[in-house]
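**Student:** This is the structure, below, for whatever I ask next.
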Amino acid sequence: MLLETPIGPLSLRASSRGLTAIDFGGEAVPETPLLLDAATQLTEYFAGRRLLFDVPLDLPNAGFRGRAQAALSDIPYGETVSYAQLAALCDNPRAVRAVGSACASNPVPIIRPCHRVLRSDGSLGGYRGGLEAKEWLLAHEKRIRGNL
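With this note's numbering as the guide, the letters of the sequence shown map in order to residues 22 to 169.
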């Protein structure tokens with residue numbers, strides 16, 4: 022399924038158990054009820070009407086990478102943490118590069134908000150969807166959070 026958003030098209034994929042991927046760009050896949058639910062939740066997020074997601078996920082959570090990716094969901098809407106802070110939250114404060122790798126390979130950006138992770142100096146760092154998209158997402162959340 023391909024969803025048009027303010028940061029460009031997102032391709033959504035799922036198994037029978039849950040959402041498996043959100044890709045920037047990509048190709049459309051046939052719609053399923055689960056993909057339609059995910060698309061609705063993302064549309065609500067972009068409209069400023071959704072702060073949390075409850076779409077089922079079907080993701081590997083093994084090892085440090087899985088723990089770090091799961092911990093992304095604990096970062097509150099409209100807030101940011103550094104890669105070092107996320108490593109510490111995962112009980113491995115020296116694993117800053119591993120956290121960066123986990124963020125870069127996050128299969129479901131936005132749902133698991135890797136855009137909320139910044140460098141220790143406050144600069145953006147990287148983002149699979151591009152820095153312009155990361156800037157937009159952070160500004161969007163800051164604007165919506167300021168209106169709550």
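For each residue, glycine too, the CB sits at the ideal point set by N, CA and C.
1. Give the list of continuous alpha helix (DSSP H) stretches no shorter than 4 residues that lie fully inside the segment 33-76.
2. Can at least three beta-carbon pairs, one atom from the segment 68-80 and one from the segment 135-146, be found at a separation below 8 Å?
3. Which first and last residues belong to the alpha helix (DSSP H) in which residue 166 is found?
4. As a quick exercise: from 166, 160, 133, pick the residue whose alpha carbon is nearest that of residue 28.
5. Excluding the 5 residues preceding and the 5 following residue 158 in the sequence, name in chain order all residues of the same chain whose CB lies nearer than 6 Å to its CB.
6. Using CA atoms only, rank isn't needed, just tell me which of 84, 53, 50, 90 is closest to residue 132.
7. Is residue 83 buried or exposed, if buried means 16 or more other CB atoms sit within 10 Å of its CB?
8. Rounding to the nearest angstrom, what Cα-Cα distance links residue 124 and residue 72 in this structure?
9. DSSP on residue 103, reduced to helix/strand/coil?
10. Taking the alpha carbon of residue 164 as the reference point, which residue from 26, 98, 94 has its own alpha carbon closest?
11. Roughly how many angstroms separate the alpha carbons of residue 115 and residue 41, rounded to a whole number?
12. Relative to the C-alpha of residue 128, which candidate in 87, 69, 65, 38 has its C-alpha closest?
13. Taking the straight line between their C-alpha atoms, what separation do you get for residue 152 and residue 34?
14. Expressed to the nearest angstrom, what Euclidean distance is found between the alpha-carbon atoms of residue 69 and residue 60?
15. How many Å lie between residue 26 and residue 63 at the Cα?
16. Just to confirm, are residue 32 and residue 23 a CB contact at a threshold of 7 Å?
**Tutor:** On the basis of the coordinates in this document:
1. 54-67
2. no
3. 152-167
4. 160
5. 136
6. 90
7. exposed
8. 20 Å
9. strand
10. 98
11. 29 Å
12. 87
13. 23 Å
14. 14 Å
15. 9 Å
16. yes
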